[in-house]
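Engineer: Below are the structure tokens for one structure; questions will follow.
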Amino acid sequence: MAAACGSSPCLAPGLLCRLPAGAQLLRVTLCLLCWAPAAVEAVPELGLWTRTVNNKSGPLIFRKTMFNSTDIKFSVKSFSCSAPVKFTIEWHLKYHTCHNEYPELEEFYMVMCIVYILYGVLWLMWSACYWKDILRIQFWIAAVIFLGMLEKAVFYSEYQNINSTGLSTQGLLIFAELISAVKRTLARLLVIIVSLGYGIVK
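Using mature numbering (1 follows the signal peptide of the UniProt record, and there is no 0), the letters of the sequence shown map in sequence onto residues -42 to -1, 1 to 160.
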């Protein structure tokens, strides 16, 4: 195919004269299409592998395109071996090792949500005890605590959803980031207000 494609300009000069100005690009494209199957060898991607392992065997690498519902099963057939056999399975993405980081983040946001809930309960109790002496700045503090609790709860819901279904909800993540941005803005404004002395005394 490649030889025929390379000799095509000499075989059909009249055809080249009748083609429009972009014929050279078309001719190169046709040559590449004719030559590509001869140069590229398809690598089959099987869903089932059977390998025999002995003392001299090295690491085995299997490649598989995985989707949300892909099932993976590792089975070892019976064999006679006096010593115990140990298998180490590593998951790798295209460019780096695959690490499951979501459970740690899920636990972190769950703990932080509980901490913010405790802060909110204590703040409401103290506010109820000193209701007549509440200043306006204390409402800002209550708003920051509430937004922090809501932020951690939404992040926890997002990572729990990823851990259970394997799918990320983009709207939930954007909503959590917006709440986080509003909370940080209010917290910084609170620091500025306290620094200026506004609303901290009657």
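Note that CB positions come from ideal geometry on N, CA and C, so glycine has one too.
Can you list, in chain order, the residues of its chain with a C-beta nearer than 7 Å to that of E64? Leave out the 5 residues immediately preceding and following it.
Structural biologist: Y114, Y117, Q118, N121
Engineer: Does M107 pass the burial test, meaning 16 or more other C-beta atoms within 10 Å, or should it be called exposed?
Structural biologist: buried
Engineer: Can you look up Y117 in the DSSP assignment and give me helix, strand or coil?
Structural biologist: helix
Engineer: For L144, which residues of its own chain have a beta-carbon under 7 Å away from its beta-carbon, when the five flanking residues on both sides are left out?
Structural biologist: W98, A101, V102, L105
Engineer: Assuming E129 is part of the alpha helix (DSSP H), what are its boundary residues?
Structural biologist: Here the sequence assigns Gly to residue 129, which means Glu is not the residue at that position. First-last of the alpha helix (DSSP H) with G129: 128 to 154.
Engineer: If we cut at 9 Å on Cβ distances, does N12 have a partner in chain B?
Structural biologist: Among the chains in the structure shown there is no chain B, since it carries only a single protein chain.
Engineer: Measuring only the C-alpha atoms, how far is I150 from L76?
Structural biologist: 26 Å
Engineer: Pull up the distance between the alpha-carbon of Y156 and that of S126, whole angstroms please.
Structural biologist: 43 Å
Engineer: Label I132 either buried or exposed according to how many other C-beta atoms from any shown protein chain fall within 10 Å of its C-beta, with 16 as the threshold for buried.
Structural biologist: exposed
Engineer: With 16 as the cutoff for other CB atoms within 10 Å, does Y88 come out buried or exposed?
Structural biologist: exposed
Engineer: Check this for me: beta carbons of L134 and C71, under 9 Å apart or not?
Structural biologist: The displayed chain sequence assigns Ala, not Leu, to residue 134. Cβ atoms of A134 and C71: not closer than 9 Å.
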